[in-house]
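Just add 13 to wherever you are in the sequence shown, counting from 1, and you've got this note's numbering.
Just so you know, even glycine gets a beta-carbon here, dropped at the ideal spot from N, CA and C.
These notes are about the structure you will find just below.
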Amino acid sequence: MARIGFIGLGAMGAPMATNILAGGHQLMVYDTNSAAVEALRELGADIAADVSEMAESRDVIITMLPHPTAVEEIVLGPDGLVASGLRPGRTFVDMSTGDPLTAQRLAETLESKGVFAVDCPVGRTPEHAKEGALLLLAGGSSDAVERARPVLMCMGDELVHCGGPGTGQAMKLVNNMLTITVMQGVGEVLGVGLQAGLPLDLMREVTAKTLAQTSVMDKALPAKAFVGDLSPGFALRLAEKDIRLAVQLAANLSLSTPVAERALQRCTELVASGHADHDIGILAAEQAGLDKGQS
Numbered sequence: 014m015a016r017i018g019f020i021g022l023g024a025m026g027a028p029m030a031t032n033i034l035a036g037g038h039q040l041m042v043y044d045t046n047s048a049a050v051e052a053l054r055e056l057g058a059d060i061a062a063d064v065s066e067m068a069e070s071r072d073v074i075i076t077m078l079p080h081p082t083a084v085e086e087i088v089l090g091p092d093g094l095v096a097s098g099l100r101p102g103r104t105f106v107d108m109s110t111g112d113p114l115t116a117q118r119l120a121e122t123l124e125s126k127g128v129f130a131v132d133c134p135v136g137r138t139p140e141h142a143k144e145g146a147l148l149l150l151a152g153g154s155s156d157a158v159e160r161a162r163p164v165l166m167c168m169g170d171e172l173v174h175c176g177g178p179g180t181g182q183a184m185k186l187v188n189n190m191l192t193i194t195v196m197q198g199v200g201e202v203l204g205v206g207l208q209a210g211l212p213l214d215l216m217r218e219v220t221a222k223t224l225a226q227t228s229v230m231d232k233a234l235p236a237k238a239f240v241g242d243l244s245p246g247f248a249l250r251l252a253e254k255d256i257r258l259a260v261q262l263a264a265n266l267s268l269s270t271p272v273a274e275r276a277l278q279r280c281t282e283l284v285a286s287g288h289a290d291h292d293i294g295i296l297a298a299e300q301a302g303l304d305k306g307q308s
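Right, here's the structure in full:
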């Protein structure tokens, strides 16, 4: 039974932390949301007064935060884990969606101090998080990933070791880049088809039988946006952050990504117009006119 610290109890983090408790580990949590912290206390978790308390007492520390700058502050900030005396032999796992360069920088700093570092963002939805069925995308040395594996498998049912530090983040970004750009493309296709007089169901039927088949059209949209449900499975504000990070990664690699840049533009426009907490399906629904009741 390991002593685990978990920082970040949002829509994904809270059920992930709950599953660590269910796995029999000693858990200490930290979050600025007192209600989320109290819910974990009632399940048996200890509560950290600050990050330094985790640095002193936990074998594995996990972060699940909304942005890589927040992760970097937790690790390298003046009151962060390193400044608080994170000891050699401990393991740090960032499960947030971030950027590869930050992950590599954190790994280099932590490894120089004898701390094992893993970047392990996750795939799938909050429902999968509750079920302990996330897809785990790990970057880091083989030793670091294997040390983290027992705790990680409390939260997921499949772990993919993508390579060295930063590769977990790179895999998550290119995966989400594809999801978001396909969502944007499907919206454009549906908009053209509907205006040309093609019923939605007909377009779904035909595309499912051709190279145009996509789970966005077959599964994601029928389960949410096509039935008027825009509650966030994958909130647009998070999609916008992820596609922005992906476009920046491409720029750092001197690569052009006009399709992703257009998707980023649409995400940014929709977030600004009040759709930040709607499901990513709004990207397709709005483009196709389905948010206005067209079908």
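Can you look up P178 in the DSSP assignment and give me helix, strand or coil? coil
Give the single residue among I74, R100, M67, R137 whose Cα lies nearest to the Cα of D107. I74
Measuring CB to CB, does Q117 end up less than 8 Å from P79? Contact: no.
Residue nearest to L191 in terms of C-alpha spacing, selected from E253, A83, G153: E253
Taking the alpha-carbon of S70 as reference, which of T82, A49, S97 has the nearest alpha-carbon? S97
Taking a contact to mean a Cβ-Cβ separation below 8 Å, would you say L149 touches G127 in this structure? no
Neighbourhood of G57 by C-beta, 8 Å cutoff - its chain only, sequence neighbours within 5 removed: L34, L40
In chain order, what residues of the same chain have a beta carbon less than 6 Å from the beta carbon of A161, not counting five sequence neighbours either side? Hits under 6 Å: T104, V106, V131.
R279 versus D59 - alpha carbon distance: Distance between the alpha carbons of R279 and D59: 42 Å.
How about V195 and V240: do their beta carbons lie closer than 8 Å? no
Measuring only the C-alpha atoms, how far is L203 from A30? L203 and A30: Cα-Cα distance of roughly 39 Å.
Where in the region 128 to 203 do unbroken runs of the beta strand (DSSP E), each at least 3 residues long, occur, reported from the N-terminal end onward? 129 to 132, 147 to 152, 169 to 176
Distance, Cα to Cα, S155 vs I295? 40 Å
Return helix, strand or coil for T122, following the three-state DSSP convention. If DSSP states are grouped into helix, strand and coil, T122 belongs with the helices.
Find out if the Cβ-Cβ distance for the pair L207, G302 is shorter than 8 Å. yes
Measure the beta-carbon distance from V50 to F19 and round it to whole angstroms, keeping in mind my assumption that it falls under 8 Å. Between F19 and V50 the Cβ distance is about 11 Å, and since that is not below 8 Å, they are no contact.
D214 lies in the alpha helix (DSSP H); which residues open and close that run? That run of the alpha helix (DSSP H) goes 213 to 220.
Is M77 helix, strand or coil when you go by DSSP? coil
Rounded C-alpha distance that separates P245 from A298: 14 Å
Determine which residues share a DSSP beta bridge with L40 and list them. In the DSSP output, where bridge partners are listed per residue, L40 has I17.
With 16 as the cutoff for other CB atoms within 10 Å, does S109 come out buried or exposed? buried
Confirm, please, whether the CB-CB distance from T115 to P81 is below 8 Å. Cβ atoms of P81 and T115: closer than 8 Å.
What is the C-beta distance between D290 and R250, in whole angstroms, given that I count them as a contact (C-beta under 8 Å)? Taking a contact as a CB-CB distance under 8 Å, the pair D290 and R250 counts as one, their CB atoms being some 7 Å apart.
So, helix, strand or coil for T31, using DSSP? helix
Flag this pair as yes or no: are the beta carbons of G198 and C167 separated by less than 8 Å? Contact: no.
To which residues of the same chain is P113 closer than 6 Å at the C-beta, ignoring the five residues directly before and after it? G179, Q182, A183
Which residue or residues does DSSP assign as beta-bridge partners of A248? D292
If I follow the unbroken beta strand (DSSP E) through T281, where does it start and stop? No beta strand (DSSP E) holds T281; the alpha helix (DSSP H) holding it covers 271 to 283.
Once DSSP output is grouped into helix, strand and coil, what is the label at V106? Residue state for V106 is assigned as strand, using DSSP reduced to three classes.
Among A273, A120, A61, D92, which has the Cα closest to the Cα of I193? A273
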